[in-house]
Structure formats: structure tokens, C-alpha cells
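Inspection log for the structure reproduced underneath, given as C-alpha cells.
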Amino acid sequence: MKVLIPGALRSYTREGHVEAAGATLDEMFTDLDRRYPGLRFRVVDEQGQLRPNMRLFVNGAGVRDLRHPLRPDDFVAVVLALSGG
Amino acid sequence: MSRTTARSKSGAQSADAAKARAAARAPRRAATAPARLVVLVATRKGAWLLHGDRTRRTWKVDGPHFLGHTISHLQLDPRDGRTLLAAAKTGHLGPTIFRSTDLGRRWKEAGKPPAFAAPAPGGLPARSVDHTFWLTPGHGSERGTWYAGTSPQGLFRSEDGGDTWVPLPSVNDDPRFREWMGTVQDGTPDGPKLHSIIVDPRDPAHLMFGMSGGGVHESRDGGATWQTLIRGMEVVEGFDPGTVTFHDPHCVRLCPTQPDRLYQQNHCGIYRMDRTGDPAADTWQRIGRKMPRRVGDVGFPMVVHPRDPDTCWVFPMDAATVWPRTSPEGRPAAYVTHNAGRTWQRLDQGLPESQAWWTVKRQAMTVDAQPVPALYLGTSSGELWIGRDEGARWSLIARHLPEIYAVEVAELA
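As you go down the protein sequences, you meet chains A and B in turn. Letter by letter, the first sequence follows residues 27 to 111 in our numbering. Letter by letter, the second sequence follows residues 286 to 698 in our numbering.
Below, the structure is given as C-alpha cells:
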């Protein structure tokens, strides 16, 4: 699938759009970490939970459960939550 | 307005006194010749390195490093004089450790940053590291060993120079410690911290640390087992000092030339402990009772002299009502004792006289080891100060930085 990488994580990927594989969001982040070491831990904590203030969208729909299934033609956006002042 | 003019005479006297004390100490423990120093400044929005000349008069600024990252601590490895570790996170991204072996020219992320173990089935609740708060190089004989303290409270060790970190289950997964730590809900708004990790210079297996909250603890076997060190420490009125979780040490320091002496700045006062050889008899003495009453003895940093175990410094803050955590009356000052806490003197020459509402966090004040040491402090308003002649004369090194979380000074190889 195609993955949109937020600016804060482009020190790992060096580009805004990358390809990844995996049957779930969790597997997708494992695959991304294989290609870009260290990336997963910045987004997913050691207990397998999406970190607070991070948001994931699969084909435009917000998802928090990392067990969410993915298809090869899905588009996943990794986004930093916007708020504050 | 600063006090530079108004108190120049008393400042000169203090400076002369500092030099006289340095001369008096010289026969006992000769200080090294002036070295090249670097001041390591960790802030809410990045890190800076300030390289000083041998007179500590001019400073070359190197930074920002990691602009936008919250850097809780930046430490140089004294065993090689060139390896830096930085504890980092951003508002959104998880925590990590960056490492440089060339004084910050190039940084590489840790392969395995501090992270709690998965919980045992049916065991204690799972925890996740929010940020690494404290970094301590290991013993001089154990090259490559480092310790890290995290929020929520956790203790971690690296044996490969900070690349990979392992949790110490004797602390992180021990039911007693977990009770003393409480939950994140029980902590302060910035999160509960494990801090003040101390390695006895005489024995790499003798470790100590503090928890805000959760007391002071020590191990004599390299972290396999632990004992509490809270006897004599006070707690907030109405609570039982025998309950470890109520104890809130803010900063604990060991005197490098007299390792059986500890000083502590606590939520409830300033303390000294002289070890007796019998752990059951070791008791903290509240030496802050000799501080001026209108200033009080609450603060965060504790700084010990590199050679004189009778000298230490604190930086009091306003702990009245809702705990403003500002300088008392808007008049910042360090306080020093030269007799192990029997008397204290105010050190404010050069610091603002009024309407200065900043304060100094627990890692943001330190001292160098030059023949006449200078103090360094970073403020919550982003100013970096040097206190020449052991704090007798303060002047600005830098301002307009982000909120300063930690200041360390190191000698370059």
C-alpha cells in the first residue's frame, strides 16, 4: 500500500510517500521499521499501542486499532493530531 | 535591573573569598589546570553546545541540534570526552536517544531506546516510556555503560555506549517499586520521574537513584536488589513519612571526594546524609532549616563542589500556596553553604534585583571542576548564566533560548 509520511517522520524516510507491505496496520509499521529503522517506536509504543496525538487514516477513514486489516491498494495516512495554540 | 553595580564591593569580597577557599583547598586536593569546557544545554525545543575558552570569557555557540525536539538531558561521556547522548522526544513522536561520537557533528539514533518490558500475564499493568528524563554515565571502569531514568519511573542500562538499552526488572517490574511509583495519574503534570542516578566512584555496583515521587533507593549489587534510603526525610504535613510513596526527592548528589556524603534537595527541604557504615542508622539531616525563613528551603537543583564536601549550592523557589515555582518574590538567588549546611549565604550579585519570575529545573544547574569553580544555570525563561568564583558574580552567557531543562558542563578530551 501507499503510505503518507508526516513531516516529523521524514528524517527517517526522506520522502513524503512510501510503499509498505502488511496485512494489518501493525504489520505495516513493522515493515516500515525494517526499511526505516527507528520509525515504528516513534509512532507505536512498546506495548503495541498507537501513541497519543498520532492519527491514522485508511482510505480517508480514521482508525486507531492497529489490528485493522489492510489491502495492497489501500492508502494509509500517518498524521500528527492538530490542536493547541 | 541587575545588582552588578549596587553590590560590587560585596561581590568582590565574595570572589576573593572563593579564591582564598580554593587556595586553602589546594594542598588537600590539587585541581587540574584550566581545561577546554563545553556547556551542554538541553531545552524544550532543542539542544545547544557552548564551547568556552580557557578563561570562560567567550563562548562559541553550536546549535540548535534537534530543533523542535524536547531534549530532557544532554550528557558527555567523561570516559572518552567526546561521546554525547541526548534524551529526545517531540510533542507527538515517541521517545528516543541520539548518540554522537564526534561532539555533535553527526548524530545516530539508538538502535533500541529505553522501553518497558511486556507485562507478565496476570501481572502488573503495562507501561510505556513517555520520555527519558535522566542520563548518567557508568563507572569509570565500565566503558560503554550508561544508565537512564524515565517518565513514568523506570531504570534502564546500556552496555554499548547508549545504542541499546535494557530495563532493570528489579525496579521496573517489582511490585513494591510499582506501588511506590504510583501511576501516571498520581504524578505531576510533567509526569513522574526517575532521576539522580548515581554511581559510587569507588564501586560500580553501588548505585542510587531518586523518584519523584517514590523515595531514594540504593543497590550494592549492581541493581539486582535495592534498599530504601528515606530515614529522616520529611513528607507533606498530614502524611506518614514511613510510606515510601509520599517521599519526593527532587535532586540527590554524591560528593565526589567524600562519597559517603550525600546532599539532597527535596519537596520538603534540603538534606545531608553522612553514611555511618550501618544502613539502618543512615539518616538524612534537614540542613535547610538554616535557610532564611522568608526564602524557605524548597527548590529543585542541588549542586556539590567538585572537591570540597562541605560546600554545596541550591536555588530556592516559591513553594507557597499553589506552588508558583518561581524565584521567591521575583528575586532569583543561589544559596551556598561552606560548612555542610550549618549556615547559608545568598549569592545574587549580577542576577536581576526584582520582577524576575523564572526558576531553575533540577538538572539545569551545575558546576565545573576548574581551580576556582564556576556555576552554570539555565532558566525556565531561556537564559544561561555563569556564576564566576563559585557563584559570587553572575553574568549572562546566552538568552532567548527555549525553556532550559538541563545544563551540564564537561571537559573536552
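Note that beta-carbon positions come from the ideal geometry of N, C-alpha and C, so glycine has one too.
| Which listed residue (B/537, B/400 and B/686) has its alpha carbon closest to that of residue 421 of chain B | B/537
| To the nearest angstrom, how far is it from the Cα of residue 52 of chain A to the Cα of residue 665 of chain B? | 39 Å
| said: Check whether chain A comes within 8 Å of residue 565 of chain B, counting only Cβ atoms and requiring the distance to be less than that. | reply: no
| task | Check the DSSP bridge columns for residue 601 of chain B and list the partner residues they point to. | result | B/584
| CB contact below 8 Å: residue 688 of chain B versus chain A | no
| message | Using a Cβ-Cβ cutoff of less than 6 Å, which residues in the same chain neighbour residue 62 of chain A once the five nearest sequence positions on both sides are dropped? | response | 38 and 39
| task | Would you mind stating whether residue 440 of chain B and residue 434 of chain B have Cβ atoms separated by less than 8 Å? | result | yes
| task | Could you check the C-alpha separation between residue 292 of chain B and residue 368 of chain B for me, to the nearest Å? | result | The predicted position of residue 292 of chain B is uncertain, since its pLDDT is 44 and thus under 50; no value can be drawn from it.
| Among B/408, B/363 and B/357, the one whose alpha carbon lies nearest that of residue 281 of chain B | Past the boundaries of the shown model lies residue 281 of chain B; chain B is included only from 286 to 698, so the question cannot be answered.
| said: Run through chain B and tell me which residues come within less than 7 Å of residue 83 of chain A, C-beta to C-beta. | reply: Under the 7 Å cutoff, chain B gives no residues; its nearest Cβ is about 15 Å from residue 83 of chain A.
| Using DSSP with H/G/I as helix, E/B as strand and the rest coil, what is residue 559 of chain B? | strand
| Going by the CB atoms, is the gap between residue 667 of chain B and residue 619 of chain B shorter than 8 Å? | no
| query | What is the rounded straight-line gap between the Cα of residue 294 of chain B and the Cα of residue 632 of chain B? | reply | Here the model assigns residue 294 of chain B a pLDDT of 48, short of 50, so the residue's position is not dependable, and the following value carries that caveat. Cα to Cα, the separation comes out at about 13 Å.
| task | Output the distance between the C-alpha atoms of residue 102 of chain A and residue 67 of chain A, rounded to the nearest integer angstrom. | result | 18 Å
| Is it a yes or a no for the stretch 628-645 of chain B touching the stretch 521-533 of chain B, going by three-plus beta-carbon pairs under 8 Å? | no
| request: To the nearest angstrom, report how far apart residue 690 of chain B and residue 97 of chain A are at their CA atoms. | output: 45 Å
| At a CB-CB cut-off below 9 Å, which residues of chain B make contact with residue 68 of chain A? | 374, 375, 377, 378, 379, 380 and 381
| task | Measure the alpha-carbon distance for residue 388 of chain B versus residue 363 of chain B and round it to whole angstroms. | result | 12 Å
| Is there contact between the stretch 496-515 of chain B and the stretch 454-461 of chain B, where contact requires at least three CB pairs shorter than 8 Å? | yes
| Any heavy atom of the ligand ZN within a distance shorter than 7 Å of the CB on residue 406 of chain B? | Inclusion of the ligand ZN in the displayed structure is not the case, the ligand content being empty and no account of it being possible.
| Between the CA atoms of residue 392 of chain B and residue 489 of chain B - distance to the nearest angstrom | 28 Å
| task | Confirm, please, whether the CB-CB distance from residue 401 of chain B to residue 45 of chain A is below 8 Å. | result | no
| message | Give me, in chain order, the residues of the same chain whose beta-carbon lies closer than 6 Å to that of residue 336 of chain B; leave out the 5 immediate sequence neighbours on both sides. | response | 323 and 345
| field | Own chain, CB closer than 7 Å to residue 348 of chain B, minus 5 neighbours either side, in chain order | value | 331, 332, 333 and 334
| query | On the premise that residue 645 of chain B lies in contact with residue 663 of chain B, defined as a C-beta separation below 8 Å, what is that separation, rounded to the nearest angstrom? | reply | 7 Å
| residue 314 of chain B to residue 460 of chain B, Cα distance in whole Å? | Unreliable positioning characterises residue 314 of chain B in this predicted model, as indicated by a pLDDT of 46, which lies under 50. A coordinate reading is not provided.
| message | Any beta carbon from chain A within less than 8 Å of residue 451 of chain B's own beta carbon? | response | no
| task | Name the one or two DSSP bridge partners that residue 347 of chain B has. | result | B/334
| When the Cα of residue 325 of chain B is compared with those of B/350, B/301, B/465 and B/470, which residue comes out closest? | B/350
| field | Interface residues of the stretch 74-105 of chain A facing chain B [CB-CB below 8 Å] | value | 75, 77, 79 and 80
| CB contact check: residue 72 of chain A to chain B, cutoff 8 Å | yes
| task | On a CA-only basis, which of B/471, B/341 and B/374 is nearest residue 355 of chain B? Give me that one, please. | result | B/374
| field | Boundaries (first-last residue) of the beta strand (DSSP E) holding residue 455 of chain B | value | Unbroken run through residue 455 of chain B is the alpha helix (DSSP H), 454-457; no beta strand (DSSP E).
| field | Integer-rounded CB distance, given that residue 77 of chain A should sit under 8 Å from residue 379 of chain B | value | 5 Å
| request: Give me the Cα-Cα distance between residue 407 of chain B and residue 463 of chain B, rounded to the nearest whole angstrom. | output: 15 Å
| task | Look at the Cβ atom of residue 598 of chain B, then the Cβ atom of residue 660 of chain B, and state whether they are nearer than 8 Å. | result | yes
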